[in-house]
Amino acid sequence: MALSSDPVSQFSSKESSGLISPAVHLEFIQNQVGLPEEAGIEEIQSYHKAVFLHHHAQDLERFQQLARVHGDRVAHLESRLTEIRSKLAGMDRLNTVRMDGELDASPGSPWNPWDASMFVAALLGIVTLLVFGVLNISFNLLESGLVTFTDNPIRAYLWAALLPVGALGVKVGWDSIQDRRLRDKYQWSCLAAGLAGVVVWVASYAVIYPTLSKTTKDHIESLSVFDDRAGGNAVTASGAKWLDTVIVAAQATAEVFLSAVLGIYMTLIYARHRPVRFAGNPFFTQLDEERHSLESSVASERIALADAEGSQSRLQNQLSALLAFAKSMYQKEVDLRRDQSQQKRALLDQISDQLRAQLQSVENGDPQSRNQLSRSTIVGESTHR
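So for the sequence shown, numbering that gives the first Met the number 0 puts the first residue at 0; every next one is plus one.
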């Protein structure tokens, strides 16, 4: 701390280092040395406290108000946080899912070899049906001779891709039904449609198979100059076209519905062995998010409160240090004055002794002593002054 006779003009503020210290008024301290020690210390402390507050009262009050504001916010946020934590303590994080209108709280049975093999077999059946259907339908479309497919063969495969899409649509329809009875009826209806398509497919293929199984030699031998259209077993070109149409339609129907039924069967097998499912509780999730937000806000407010209280404490400690330093300077001045007084008193006592001795000599009639007495008197007057 610097010493100055003008504390206002010599005030220095160092924000970079955090030191804010007005100077000690040495002249005021020196003027108070003549007072009693207790009264002098009280006057000096009051004066320097006023000087310090003259410079930093605004900052000190601002930090006090900031500490009060942040303290109130922390108290409010902590009360709110305690309330939310008490609510979360009595609430479950997960809720049981409803399956087919009922709570899915019963655990499923463990997997066994039979169900596992049937699940895999159904999956292989779906893949086989869809791959065979897509390839067969696309080849039939390419062999039909339509310009649309012969010029762009990719269109035939895109048309054949309707089979897996149709099977998926049938499966989605079953998943959308919530009533178990309606689901059973839907499943059996799809199975009946698929089996009917298989029957029609096989029957139609059986009708045209004798003609397809003939060799070239058999076809040449069966040629005749007579056109016998009345033959019951003969299949005309027009009839063959219709049979091809029926075969393709029955094949597509069988593949779509049988694939959907196999998918439904896989779902049923999995439902018997899947684990119990839980869903997040929306009330718990909302309160938990609010808890995280409040914890973050409390942490921020605590940091702000610590900054405000730290700045307030820093100014108060600087005031205490300033008063202690001023008190020490006052005591130093008092000791210095006391030493000077003792030295003067000792010197005066010494001069008095010399004068007393010379007076006794003068009374005895010694002229040399008289001259020394006059010189000693002059020295004593100057020393007293």
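Virtual Cβ for every residue (Gly too), placed ideally from N, Cα, C.
Asked: DSSP three-state assignment for residue 88, whether helix, strand or coil; Found: helix
Asked: Cut-off 7 Å between Cβ atoms - residues of its own chain near residue 31, not counting five sequence neighbours on either side; Found: 39, 42, 43, 329
Asked: Residues that DSSP places opposite residue 93 in a beta bridge; Found: 279
Asked: Residue 192 versus 155, 249, 112, 66, residue with shortest Cα-Cα distance; Found: 249
Asked: For residue 154, the first and last residue of its enclosing alpha helix (DSSP H); Found: 152 to 159
Asked: 4 or more residues per run - each alpha helix (DSSP H) lying fully within the region 234 to 322; Found: 236 to 272
Asked: Residues near residue 166 by beta carbon distance below 6 Å, same chain, minus five either side; Found: 255, 258, 259
Asked: Local conformation of residue 32 per DSSP, three classes; Found: coil
Asked: Nearest-angstrom beta carbon gap, residue 160 and residue 140 [assumed within contact, 8 Å]; Found: Wrong, their Cβ atoms sit about 12 Å apart, outside the cutoff.
Asked: Closest Cα partner of residue 79 within the set 307, 315, 294, 262; Found: 294
Asked: Contact the region 259 to 268 vs the region 181 to 190: 3+ CB pairs below 8 Å; Found: yes
Asked: Neighbour-count burial assignment, residue 203, 16 or more Cβ in a 10 Å radius; Found: buried
Asked: Residue 109 - DSSP class collapsed to helix/strand/coil; Found: coil
Asked: CA-to-CA distance, residue 153 to residue 198, given in whole angstroms; Found: 30 Å
Asked: Residue 169 versus residue 206 - alpha carbon distance; Found: 30 Å
Asked: Buried versus exposed, by CB contacts within 10 Å (16 or more), residue 246; Found: buried
Asked: Residue 287 and residue 87 closer than 9 Å at C-beta; Found: yes
Asked: Neighbour-count burial assignment, residue 163, 16 or more Cβ in a 10 Å radius; Found: buried
Asked: Close-in-space but distant-in-sequence residues of the same chain around residue 200 (CB under 7 Å, 5 per side omitted); Found: 246, 249, 250, 253
Asked: Coarse secondary structure for residue 177, derived from DSSP in three states; Found: coil
Asked: Cβ-Cβ separation, residue 76 to residue 300 (assumed contact under 8 Å), whole Å; Found: 6 Å
Asked: Inter-residue Cα distance where the pair is residue 351 and residue 29; Found: 31 Å
Asked: Proximity winner among 112, 68, 45, relative to residue 308 (alpha-carbon distances); Found: 68
Asked: 8 Å CB neighbourhood of residue 134 in its chain, flanking five on each side removed; Found: 159
Asked: Same chain, Cβ closer than 6 Å to residue 318, neighbours up to 5 away in sequence not counted; Found: 51
Asked: Span separating the alpha-carbon of residue 271 from that of residue 72; Found: 54 Å
Asked: Neighbourhood of residue 136 by C-beta, 6 Å cutoff - its chain only, sequence neighbours within 5 removed; Found: 159
Asked: Own chain residues within Cβ distance below 6 Å of residue 313, not counting five before or after; Found: none
Asked: Close-in-space but distant-in-sequence residues of the same chain around residue 326 (CB under 6 Å, 5 per side omitted); Found: 40
Asked: Sub-9 Å separation of residue 62 and residue 349 beta-carbons; Found: no
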